[in-house]
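Here's the structure, in structure tokens; my notes come after.
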Amino acid sequence: MAKVGLFVTCIVNTMRPEIGFASLKLLEQAGFEAEVPRDQTCCGQPNMNGGDKAGAKDLALRLAKLYAPYDYVVVPSGSCAGTIRTHYPDFFDESDAEGERVRALAAKTWELTSFLTDVAGMKEVEARFDGALAYHDSCAGLRELKVKQQPRTLLKSVEGLELKDLPDAEVCCGFGGLFCVKYPDVSGEMVRKKLADIEGTEARAVAMGDAGCMLNIEGALARKGSDIKVWHVAEVLAGLAK
Amino acid sequence: MTPPNDQHAPEMHVTSERFSENARHALDDKVLQGGLFIFAKGFTALREIGISQVPEFGDMRDRARDVKNHVLENLGDYLKQFEERVIANGGRVHWARNASEANEIIGRLCAEVNAKTVVKSKSMVTEELELNPHLEKQGIEVFESDLGEYIIQLRKEKPFHIVGPALHLTKEQVSDTFYEAHQRYGRTEKVTEKEALVREARIVLRERFKQADVGITGANFLVAETGSIALVTNEGNADLSATLPKHHIAVTGIEKIVPTLEDLGLFLRLLPRSALGLDTANYLSLYTGPKRDSDPDGPETFDIVLVDNGRSDMLGSEFQDMLRCIRCGACLNGCPVFTSVGGQAYGSVYSGPMGAVWTPALAGITHAANLPNASTFCGKCEEVCPVRIPLPNLMRHWREREFEKHYTPTGQRWGMGAWRWIAGKPALYRLASSMGGRVLRAMARKGWVKKLPGFAGGWTEMRDLKAPEGGSFLEQYEKGRRS
Numbered sequence: 000m001a002k003v004g005l006f007v008t009c010i011v012n013t014m015r016p017e018i019g020f021a022s023l024k025l026l027e028q029a030g031f032e033a034e035v036p037r038d039q040t041c042c043g044q045p046n047m048n049g050g051d052k053a054g055a056k057d058l059a060l061r062l063a064k065l066y067a068p069y070d071y072v073v074v075p076s077g078s079c080a081g082t083i084r085t086h087y088p089d090f091f092d093e094s095d096a097e098g099e100r101v102r103a104l105a106a107k108t109w110e111l112t113s114f115l116t117d118v119a120g121m122k123e124v125e126a127r128f129d130g131a132l133a134y135h136d137s138c139a140g141l142r143e144l145k146v147k148q149q150p151r152t153l154l155k156s157v158e159g160l161e162l163k164d165l166p167d168a169e170v171c172c173g174f175g176g177l178f179c180v181k182y183p184d185v186s187g188e189m190v191r192k193k194l195a196d197i198e199g200t201e202a203r204a205v206a207m208g209d210a211g212c213m214l215n216i217e218g219a220l221a222r223k224g225s226d227i228k229v230w231h232v233a234e235v236l237a238g239l240a241k
Numbered sequence: 000m001t002p003p004n005d006q007h008a009p010e011m012h013v014t015s016e017r018f019s020e021n022a023r024h025a026l027d028d029k030v031l032q033g034g035l036f037i038f039a040k041g042f043t044a045l046r047e048i049g050i051s052q053v054p055e056f057g058d059m060r061d062r063a064r065d066v067k068n069h070v071l072e073n074l075g076d077y078l079k080q081f082e083e084r085v086i087a088n089g090g091r092v093h094w095a096r097n098a099s100e101a102n103e104i105i106g107r108l109c110a111e112v113n114a115k116t117v118v119k120s121k122s123m124v125t126e127e128l129e130l131n132p133h134l135e136k137q138g139i140e141v142f143e144s145d146l147g148e149y150i151i152q153l154r155k156e157k158p159f160h161i162v163g164p165a166l167h168l169t170k171e172q173v174s175d176t177f178y179e180a181h182q183r184y185g186r187t188e189k190v191t192e193k194e195a196l197v198r199e200a201r202i203v204l205r206e207r208f209k210q211a212d213v214g215i216t217g218a219n220f221l222v223a224e225t226g227s228i229a230l231v232t233n234e235g236n237a238d239l240s241a242t243l244p245k246h247h248i249a250v251t252g253i254e255k256i257v258p259t260l261e262d263l264g265l266f267l268r269l270l271p272r273s274a275l276g277l278d279t280a281n282y283l284s285l286y287t288g289p290k291r292d293s294d295p296d297g298p299e300t301f302d303i304v305l306v307d308n309g310r311s312d313m314l315g316s317e318f319q320d321m322l323r324c325i326r327c328g329a330c331l332n333g334c335p336v337f338t339s340v341g342g343q344a345y346g347s348v349y350s351g352p353m354g355a356v357w358t359p360a361l362a363g364i365t366h367a368a369n370l371p372n373a374s375t376f377c378g379k380c381e382e383v384c385p386v387r388i389p390l391p392n393l394m395r396h397w398r399e400r401e402f403e404k405h406y407t408p409t410g411q412r413w414g415m416g417a418w419r420w421i422a423g424k425p426a427l428y429r430l431a432s433s434m435g436g437r438v439l440r441a442m443a444r445k446g447w448v449k450k451l452p453g454f455a456g457g458w459t460e461m462r463d464l465k466a467p468e469g470g471s472f473l474e475q476y477e478k479g480r481r482s
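Heads up: the sequence lines are chains A and B, in that order.
Sequential numbering of the first sequence, starting at 0, is according to numbering that gives the first Met the number 0.
Sequential numbering of the second sequence, starting at 0, is according to numbering that gives the first Met the number 0.
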């Protein structure tokens, strides 16, 4: 049986562990036994986007070594999966032997919902969610990995769930990693627009595929005193969302 | 990129250091925000409808990218061919290494014909050069003739957008501006309706066209095989600028070249669709040399000023892809940052994603570091770019240059170094993430952190932070939890 290594990502590890456990549950439902290598740390995305190429390269090599024993690497985040799959190969020249392992890692790395549907062939999940839910397309998953229909296909199979169309679902929420602390006013305006669109759907909750966007959107909703809930798509699909 | 003290170094004045301050100002401007909202929705929809009618749009983008790449790999040859054709057609080509040289050349050409009045059509390159103040210092009166450019010239503003320079203004603002500016032409009645405002601008500008000694235009494309310049406009003012005055000067960047007329056809299909969702612009004109003996009219002289100003430094660098840009503005229209703060906040005539890559190349990364940093890398710009410029990657390359040169803010630099160090030590990483969670729980009230210290305070300026419940994932996993 194919071996899956789950890369939980920093935000999930520290801020939202439930997403990691939801991912394990879904991988099991899909027929895979997944492991979490305990020595996993960061994929290097903050360094890559902060201009520290050497730092990002170090962490890429580290991750490639750690996940070498697995057939697949699954990540419950479009932006971390995108960093590995789309950007890692650019860190090394074609001729660079050191890059071989990293290119192999990139080729076997999948965003969670894309893995479940495109690789594992899953069409439905065993889960229940009562009420209307809007889905926001997190940018990196959408544009770097073409994650669009995969989460929607699975969400539609959740019993009791009414999937709402979110206007401008593909427009950025304003998180952007360090962007949101470096340019809080601009980021604040972007998330304000996102909240207005979410509220307009009258859904009682919104789901997405990246924990960074979640922290941003739920934090802005809380500041506003809204009771709209924010879930990671894995939590909804695993039946952990209330 | 450019050695210091190089007298031919690229030049462009920017106020991009003040991006955050400008952005705050723009966000507080209710009138501007109202306009931006309509702009963001409208332009995106127009483009989507426009390209949905062309099933081969994706292939066209690939071909355009390939044509431009081919030109950039052979730029010297094509520029030489273009120059030869222009001369054969009776025109002249002038080469400007930077803004000072370009302004000096254009100033000299105007002085040679004793020009008192110059009429211009919209040209971002002349905005980049700050040509107008240069000519005005020479005692020449300069009139912009594109309606948007004319309005911002009267208001002494920088363009809001590379395609729509005055899109941020309301008709009331334009009415006030015209009322004040047009008194000198004896127009003392205040007009307020849109059509009347356009009519008034037309009447005033028509006289300037007649009076002008020199017409200055940009060029959307340069055709190497014929030595022609191509102008794409919706108002027809570029054609008046190019044909009514006795002297025509076209000013543009060296990267605007396409090999053949057939290639031009491809770009003429891409540009208006990407800009405004239109299948064609109202006016597509080719100018090839001055008036011939057999022509009933046209300019007596035809001069082309080809501007480098940092472009050849980008060639062969990690920024080369940027030179494919055809200035359609699609990346601005789609950008969630641009549509939140508008063009002026960028403090550069080139704003939005294309400006975030172009500006540091011309003004230096020290002055323009905010622009490639003020992006979430959402990727919308790359998604809509008609010549497939990987804009987020290019912005990332500027952040790398900034980091290499130690311009990255010290706190951030230190933070990234510390992060890389911790991430290389898994036991320490696990400890730090568990501790981090505990600290946040201690800081939280009813599960939410309302205020974070230092750099992280940017987060809580706008939103709360939900503290994590329970231990970190790795902590719980180690204790045997599996689902």
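Beta carbons are placed, not taken as given, at the ideal position from N, Cα and C, and that holds for glycine.
Since the structure is predicted, the reported quantities are computational estimates derived from the model, not experimental observations.
Under the Cβ criterion of 8 Å, Pro-75(A) is not counted among the residues facing chain B.
Contact annotation, Gly-81(A) with Ala-139(A): C-beta distance approximately 4 Å; criterion of less than 8 Å satisfied. Taking CB atoms only, Leu-26(B) has a neighbour in chain A less than 8 Å away. Annotated as distal: Val-141(B) and Glu-148(B), with beta-carbon spacing of 8 Å or more.
Rounded to the nearest whole angstrom, the C-alpha separation of Ser-316(B) and Glu-83(B) is 28 Å. Bridge partners of Thr-216(B) according to DSSP: Ala-249(B). Here Ile-325(B) carries a coil assignment [DSSP, helix/strand/coil]. Contact of Lys-181(A) with chain B by beta-carbon distance below 7 Å involves Asn-372, Gly-457. As for any alpha helix (DSSP H) of minimum length 4 sitting wholly inside the stretch 153-193 of chain A, the runs are 178-181, ordered along the chain. The C-alpha of Glu-382(B) is placed about 29 Å away from the C-alpha of Glu-99(A). The residue from Asp-175(B), Lys-170(B), Ser-122(B), Tyr-178(B) with its alpha-carbon nearest to that of Lys-157(B) is Ser-122(B). Distance from the CA atom of Lys-193(A) to the CA atom of Leu-162(A), rounded to whole angstroms, is 17 Å. Counting of Cβ neighbours within 10 angstroms places Met-0(A) among the exposed residues, the total staying below 16.
If you draw a straight line from the Cα of Thr-152(A) to the Cα of Val-124(A), it comes to about 10 Å. Pairwise C-beta distances place the stretch 63-77 of chain A out of contact with the stretch 189-203 of chain A, as fewer than three of them are shorter than 8 Å. Neighbours of Ser-94(A) in chain B, taken as residues at a C-beta separation under 7 Å, are lacking, since the least C-beta distance is about 18 Å. Identification of residues in the stretch 415-426 of chain B having a C-beta nearer than 7 Å to some C-beta of chain A yields Met-415, Trp-418, Arg-419, Ala-422, Gly-423, Pro-425, given in sequence order. In this structure Tyr-87(A) is buried. Its beta-carbon is surrounded by 16 or more other beta-carbon atoms within 10 angstroms. When CB distances to chain A are screened at a threshold of 7 Å, not a single residue of the stretch 299-326 of chain B falls below it. Judged by DSSP in its simplified three-state form, Glu-317(B) adopts coil rather than helix or strand. Contact between the stretch 316-332 of chain B and the stretch 264-279 of chain B is present: 3 or more CB-CB pairs across the two stretches fall below 8 Å. It is roughly 42 Å from the alpha-carbon of Ala-105(A) to the alpha-carbon of Gln-32(B). Within the stretch 390-416 of chain B, Arg-395, Arg-398, Glu-399, Glu-401, Phe-402, Thr-407, Gln-411, Met-415 place their CB atoms closer than 7 Å to a CB of chain A, listed in sequence order. Counting of Cβ neighbours within 10 angstroms places Thr-191(B) among the exposed residues, the total staying below 16.
Residue-level contact by beta carbon holds for Arg-462(B) and chain A, with a gap shorter than 8 Å. Cβ-Cβ distances below 6 Å link Asn-88(B) to Gly-226, Thr-287, Gly-288 in the same chain, with the five nearest sequence neighbours on each side left out; the list follows chain order. Between Met-213(A) and Tyr-134(A), the gap from beta carbon to beta carbon reaches 8 Å or more. In the assembly as shown, Asp-129(A) is an exposed residue. Its beta-carbon has fewer than 16 other beta-carbons within 10 Å. Taking C-beta atoms under 8 Å as the contact rule, Ala-360(B) and Met-313(B) qualify, at a distance of about 5 Å.
At least one beta carbon of chain A lies nearer than 8 Å to the beta carbon of Arg-481(B). With respect to chain A, the C-beta atom of Phe-42(B) has no partner C-beta closer than 8 Å.
An exposed status is given to Asp-27(B), since fewer than 16 other beta-carbon atoms sit within 10 Å of its beta-carbon.
When Val-85(B), Gly-351(B), Gly-217(B), Asn-102(B) are compared, the shortest CA-CA separation from Glu-224(B) is found for Val-85(B). When the beta-carbon positions are compared, Val-70(B) and Gly-252(B) stay at least 8 Å from each other. In the three-state reduction of the DSSP assignment, Glu-224(B) falls in the coil class, being assigned neither a helical nor a strand state.
When secondary structure is reduced to three states using DSSP, Leu-263(B) falls in the helix class.
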